[in-house]
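Per our numbering, residue 96 is the first one in the sequence shown, and the count goes up by one each step.
Heads up, the thing below is written out as structure tokens.
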Amino acid sequence: MLKTTVKNPARFGAISKALIVYSVLREYVNHPLAFLVGTALTVGRFKKRLPKDIPNDFVELFAFPTWIYMRLKERMGQEEAFALARAIIIPLGVAVYGAEFCLVEAPRTWNNFIDFVEISNRQGAIRWSKVEMDERTETLYEYRCTFCMIHHFLSKLGIPELTEPFCTLDNALYNAYLPNEIIFHRGGKGKTIEKGQPFCKFIHERKIQ
96 MLKTTVKNPA RFGAISKALI VYSVLREYVN HPLAFLVGTA LTVGRFKKRL
146 PKDIPNDFVE LFAFPTWIYM RLKERMGQEE AFALARAIII PLGVAVYGAE
196 FCLVEAPRTW NNFIDFVEIS NRQGAIRWSK VEMDERTETL YEYRCTFCMI
246 HHFLSKLGIP ELTEPFCTLD NALYNAYLPN EIIFHRGGKG KTIEKGQPFC
296 KFIHERKIQ
């Protein structure tokens, strides 16, 4: 029997997140535990150096993966660090944000999916960004993000490239939810703020056979 429910879903705490990160690191770097512990011991100082206009709750959510990338970048250079950060962020994000969508507790349906998207937009990581609704029908749910706090935050740190794995996370989570029925896309290649566009498109389509 599950210990979680729709009203009391899984919540990935620091230990659970660290275990996911460690499971990836141990396959790619020497002394992964020492690296992870070192990151945990120094992330507090990193947080104190962050811009003061960034909300504290946002910092608590994004400081750790950001600091991991920055430390990896110092150790192995941008190309390898970015590839490894992507390998960490996507499974970690699917686990954490997938819990918001009750991937285990609730039936996977179009209506449930839209309900969870709306909850996530109000309470999840995107709540610090600016979202505008474009269209909602029985087969389409479309909105745009005109200000991305993640990109804003990472750009201030001089690492805007790290936005891309979080954009990829959208594809990984949304398109895995109900792949035979719900398709997520952005309306074309490069339709994100990270790629230089004025807004990010979020298009969820329901395919009815």
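Glycine included, C-beta positions come from ideal geometry on N, C-alpha and C.
Check whether the Cβ of residue i lies closer than 6 Å to any heavy atom of the ligand COA, and answer yes or no.
i: residue 255; result: Within the structure as shown, the ligand COA is missing, as the structure has no ligands at all.
With which residues is residue i paired in a DSSP beta bridge?
i: residue 235; result: 300
i: residue 226; result: 240
i: residue 295; result: 240
i: residue 280; result: 298
Around the C-beta of residue i, are 16 or more other C-beta atoms found within 10 angstroms, so that it is buried, or is it exposed?
i: residue 126; result: exposed
i: residue 99; result: exposed
i: residue 168; result: buried
i: residue 150; result: exposed
i: residue 120; result: buried
i: residue 214; result: exposed
i: residue 289; result: buried
i: residue 176; result: buried
i: residue 129; result: exposed
i: residue 184; result: buried
i: residue 264; result: buried
Per DSSP, what kind of secondary structure is residue i in: helix, strand or coil?
i: residue 138; result: helix
i: residue 254; result: coil
i: residue 100; result: coil
i: residue 209; result: helix
i: residue 263; result: helix
i: residue 170; result: helix
i: residue 219; result: coil
i: residue 125; result: coil
Would you report the Cα separation of residue i and residue j, rounded to the nearest angstrom?
i: residue 302; j: residue 276; result: 5 Å
i: residue 226; j: residue 238; result: 7 Å
i: residue 205; j: residue 174; result: 38 Å
i: residue 267; j: residue 292; result: 21 Å
i: residue 154; j: residue 255; result: 16 Å
i: residue 229; j: residue 133; result: 45 Å
i: residue 116; j: residue 135; result: 12 Å
i: residue 152; j: residue 142; result: 12 Å
i: residue 209; j: residue 234; result: 11 Å
i: residue 163; j: residue 180; result: 8 Å
i: residue 259; j: residue 283; result: 16 Å
i: residue 247; j: residue 196; result: 25 Å
i: residue 286; j: residue 298; result: 11 Å
i: residue 224; j: residue 217; result: 10 Å
i: residue 244; j: residue 253; result: 14 Å
i: residue 106; j: residue 212; result: 17 Å
i: residue 296; j: residue 96; result: 39 Å
i: residue 194; j: residue 170; result: 32 Å
i: residue 137; j: residue 300; result: 43 Å
i: residue 281; j: residue 304; result: 22 Å
i: residue 251; j: residue 146; result: 8 Å
i: residue 165; j: residue 272; result: 31 Å
If you measure from the beta carbon of residue i to each beta carbon in chain B, is any gap under 7 Å?
i: residue 244; result: Considering every chain present, this structure includes no chain B. It has just one protein chain.
Report yes or no: do the region 176-190 and the region 146-158 share at least 3 C-beta pairs separated by less than 8 Å? no
Should the region 195-203 be regarded as contacting the region 96-111, the criterion being three or more beta carbon pairs within less than 8 Å? yes
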